[in-house]
Amino acid sequence: MHNCIQVNNHEMTNMYLDYWGFIDFPFENVPDPKFFYLSSSHKEALTRLIYAAQMRKGGAMLSGEIGCGKTVLSKVYTQRFSGEKYDIAFIINPKLEADEFLQEVLYQFGINHTPHTKVECLRMLNDRMIENIRRDKNTLLIVDEAQLLNGSTFEEIRLLLNFQLNDRFLLTIILLGQPELRGKVRDIEQLNQRIAIKYHLTPFDFEDTLKYIIFRQKKAGGKENAFSIEAIQRIYEYTKGVPRKINNFCDLSLLIGFSTQESKIGTKLVENIINDGALF
Ligand SMILES: Nc1ncnc2c1ncn2[C@@H]1O[C@H](COP(=O)(O)OP(=O)(O)O)[C@@H](O)[C@H]1O
Ligand SMILES: [Mg+2]
Numbered sequence: 001m002h003n004c005i006q007v008n009n010h011e012m013t014n015m016y017l018d019y020w021g022f023i024d025f026p027f028e029n030v031p032d033p034k035f036f037y038l039s040s041s042h043k044e045a046l047t048r049l050i051y052a053a054q055m056r057k058g059g060a061m062l063s064g065e066i067g068c069g070k071t072v073l074s075k076v077y078t079q080r081f082s083g084e085k086y087d088i089a090f091i092i093n094p095k096l097e098a099d100e101f102l103q104e105v106l107y108q109f110g111i112n113h114t115p116h117t118k119v120e121c122l123r124m125l126n127d128r129m130i131e132n133i134r135r136d137k138n139t140l141l142i143v144d145e146a147q148l149l150n151g152s153t154f155e156e157i158r159l160l161l162n163f164q165l166n167d168r169f170l171l172t173i174i175l176l177g178q179p180e181l182r183g184k185v186r187d188i189e190q191l192n193q194r195i196a197i198k199y200h201l202t203p204f205d206f207e208d209t210l211k212y213i214i215f216r217q218k219k220a221g222g223k224e225n226a227f228s229i230e231a232i233q234r235i236y237e238y239t240k241g242v243p244r245k246i247n248n249f250c251d252l253s254l255l256i257g258f259s260t261q262e263s264k265i266g267t268k269l270v271e272n273i274i275n276d277g278a279l280f
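For the sequence shown, this note's numbering gives the first residue as 1, with consecutive numbering after it.
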């Protein structure tokens, strides 16, 4: 019985793809750079973060509401630097005490045997950065969900920005986080001053929502847009242009549209989804 259900689910999802003519699922909520759409806000964010790294600024901060695309943007960002002269550590779960945080930073730089004491960790990190300078490499530390950092870990980050050589920062720290991150950084004046580059990522406007929905369908192998313009207008109003919400909405629309054998996703189907309240 159990197996039977699994087989049916599998067939269902395949049929959803076949029915709409996709090779991949167009609206999956995974930060896959392949599906990255460059809206004007995402472009500006990327430009500023690239500038921060290239100019060896001390720090940069990217804030934005949940689901706006900070994490996927950071993937595109690091991909941009792969093969170039960058040494990158990426922290995705920063809810750590200050000492653990330093160990995690070293670990993410690929150092497996991290020292136990803080002073040794800092020395090791310092050596790494000096070595990178010698090899003409930039050192980059990216912290996702940085609003979760606790007070002492913020303080540790501030201290990391003291690593300087002849006025040049040895390390560029990129903080990504939800809107409350801005207030937390502002409260630590010395940190705030060192974070020279800041940007707040905004949701898509209608124009970008429309282009985004079409773009993702194409990337998934679709030959034509399955959504009417009016349906996209309603999806935009309902999701307020937040990409993760758009993905959920569009994915569900395609599934229901398949099960009721629609030829296109129109306003009626979209209204039904909104009214049944199951989405958000
Ligand atoms: N510019 C974009 N291009 C393509 N997909 C995006 C974009 N922005 C967001 N997404 C989609 O929305 C989802 C949520 O984005 P994410 O980066 O996780 O948001 P955040 O980190 O801001 O909460 C991602 O998994 C991705 O599928
Ligand atoms: Mg994220």
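Idealized CB from N, CA, C, for every residue including glycine.
The beta carbon of Ala45 sits closer than 7 angstroms to those of Leu62, Leu73, Tyr199, Leu201, all from its chain and outside the five residues before and after it, given in chain order.
Looking from the CA of Asn29, the closest CA among Glu262, Gln79, Asn248, Ile133 belongs to Asn248. Note that the stretch 186-199 does not touch the stretch 75-82; fewer than 3 beta-carbon pairs, one per stretch, sit closer than 8 angstroms. Distances from the CA of Glu156 to each of Lys118, Gln261, Leu170 were compared; the closest alpha carbon is that of Lys118.
In the structure shown, Arg168 adopts extended strand secondary structure according to DSSP, grouped into three states. According to the DSSP assignment, Leu38 belongs to no beta strand (DSSP E), since it is labelled neither H nor E.
Taking one beta carbon from each stretch, the stretch 164-174 and the stretch 203-215 have fewer than 3 pairs nearer than 8 angstroms; the two do not touch. Burial check for His116: the Cβ neighbour count within 10 Å stays below 16, so the residue is exposed. By the CB criterion at 9 angstroms, Gly69 and His113 fall outside the cutoff. Exclusion of the five residues before and after Tyr236 leaves Phe206, Thr209 as the residues of its chain whose Cβ lies within less than 7 angstroms of its Cβ. Glu104 counts as buried, since at least 16 other C-beta atoms from the protein chains shown sit within 10 angstroms of its C-beta. Less than 9 angstroms separates the beta-carbon of Ile273 from that of Ile256. DSSP places Ser82 outside any alpha helix (DSSP H), giving it a letter other than H or E.
The beta-bridge partner set that DSSP reports for His200 consists of Ser63.
Minimum Cα-Cα distance from Phe215 among the listed residues Phe36, Asn166, Gly83 corresponds to Phe36.
A check of alpha carbon separations from Lys85 across Gly266, Ile232, Leu140 identifies Leu140 as the nearest. Taking the Cβ of Glu28 as the reference point, every heavy atom of ligand 2 lies at 8 angstroms or farther away. Just so you know, the alpha carbons of Asp276 and Thr267 end up roughly 14 angstroms apart. Pairing Lys95 with Leu176 gives a Cβ-Cβ distance that is not under 9 angstroms. Checking the 8 angstroms criterion, the Cβ of Lys70 is within range of a heavy atom belonging to ligand 2.
When DSSP states are grouped into helix, strand and coil, Asn248 belongs to the helix group. For the pair Glu230 and Thr153, the CB atoms are not nearer than the 9 angstroms cut-off. A direct Cα-to-Cα measurement between Ala89 and Phe101 gives close to 12 angstroms. Scanning its chain for C-beta atoms nearer than 7 angstroms, with the 5 sequence neighbours on each side dropped, one finds around Lys240 the residues Pro203, in chain order.
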